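Chains as they are written, first to last, in the working numbering: chain A, 171 to 260; chain B, 485 to 600.
This report refers to the structure that appears directly beneath it.
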């Protein structure tokens, strides 16, 4: 009895080979130690269009700095630098 | 300890009244053994949401170092003042102080907002 040669697996579409770029904490990378609540434009990077905070899995922040960003955003909201709820922020 | 006080005054104040209101709180800090390190009147700014049916406010940011019992006195005065829409006192850590210093002196001021 002849042994069948091992068949290579064939795909209909090309397999994605490029790897997604690894996320990094921009604060650690840039050496930023303090998150300023007065800088509303900067904090907007961590908000979606409705003015909600983006989760860590999207921003890539480390836990330490996500906490600081969250505190800064909440302060900015209190002082009416950022809205609590909105549509079409940015 | 180093602190930072941000106050929003009503927009109905005239220029002189605004200056007087700033001076009032700066003097209050000085009289109670504090030291104002920096005063930054932002002036008229639009609010992100209306406060007391006003859509704009006069912002002032004061940086000062003071004994910890001063803040309570300051808060009482801020709450009493009719012209104050909102106020916030933030305790600054050492990184915050250096950040503020750098921003003020313009050295590497952009380091925070520029990236990539």
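Backbone N, C-alpha and C define an ideal beta-carbon position, used for all residues, glycine too.
Model, not experiment: these values are computed from the prediction.
On the DSSP bridge assignment, give the partners of residue i in chain order.
{"i": "residue 535(B)", "result": "538(B)"}
{"i": "residue 625(B)", "result": "A question about residue 625(B) goes unanswered here, because the residues of chain B that appear run from 485 up to 600."}
{"i": "residue 524(B)", "result": "545(B)"}
{"i": "residue 217(A)", "result": "223(A)"}
{"i": "residue 530(B)", "result": "540(B)"}
{"i": "residue 519(B)", "result": "549(B)"}
Pull up the CB-CB distance for residue i and residue j, whole angstroms please, since I reckon it's below 8 Å.
{"i": "residue 207(A)", "j": "residue 234(A)", "result": "Not a contact, Cβ separation roughly 17 Å."}
{"i": "residue 588(B)", "j": "residue 522(B)", "result": "6 Å"}
{"i": "residue 527(B)", "j": "residue 492(B)", "result": "That pair is no contact at about 11 Å."}
{"i": "residue 223(A)", "j": "residue 572(B)", "result": "With 8 Å as the limit, residue 223(A) and residue 572(B) do not qualify as a contact, their Cβ atoms being about 19 Å apart."}
When burial is assigned at 16 or more other CB atoms within 10 Å of the CB, is residue i buried or exposed?
{"i": "residue 231(A)", "result": "buried"}
{"i": "residue 221(A)", "result": "buried"}
{"i": "residue 496(B)", "result": "exposed"}
{"i": "residue 539(B)", "result": "exposed"}
{"i": "residue 575(B)", "result": "exposed"}
{"i": "residue 145(A)", "result": "For chain A, the structure presents residues 171 to 260; residue 145(A) sits outside this window and is missing."}
{"i": "residue 228(A)", "result": "exposed"}
{"i": "residue 504(B)", "result": "exposed"}
{"i": "residue 488(B)", "result": "buried"}
Beta-carbon of residue i versus every beta-carbon of chain B: anything under 8 Å?
{"i": "residue 248(A)", "result": "yes"}
{"i": "residue 233(A)", "result": "no"}
{"i": "residue 194(A)", "result": "no"}
{"i": "residue 217(A)", "result": "no"}
{"i": "residue 182(A)", "result": "no"}
{"i": "residue 213(A)", "result": "no"}
{"i": "residue 253(A)", "result": "yes"}
Say whether chain A places a C-beta atom closer than 8 Å to the C-beta of residue i.
{"i": "residue 572(B)", "result": "yes"}
{"i": "residue 490(B)", "result": "yes"}
{"i": "residue 546(B)", "result": "no"}
Does the CB of residue i have a neighbour CB from chain C at under 8 Å?
{"i": "residue 580(B)", "result": "Note that chain C does not occur in the displayed structure, where the protein chains are A and B."}
>> With three or more beta-carbon pairs closer than 8 Å as the criterion, would you say the stretch 188-198 of chain A touches the stretch 240-252 of chain A?
In response: no
> Would you say the stretch 510-526 of chain B touches the stretch 539-552 of chain B, given that touching needs at least three Cβ pairs under 8 Å?
Replying inline: yes
> If you pair each beta-carbon of the stretch 524-533 of chain B with each one of the stretch 247-254 of chain A, do three or more pairs fall below 8 Å?
Replying inline: yes
> Okay, do the stretch 175-189 of chain A and the stretch 213-228 of chain A touch, 3+ Cβ pairs below 8 Å being the bar?
Replying inline: no
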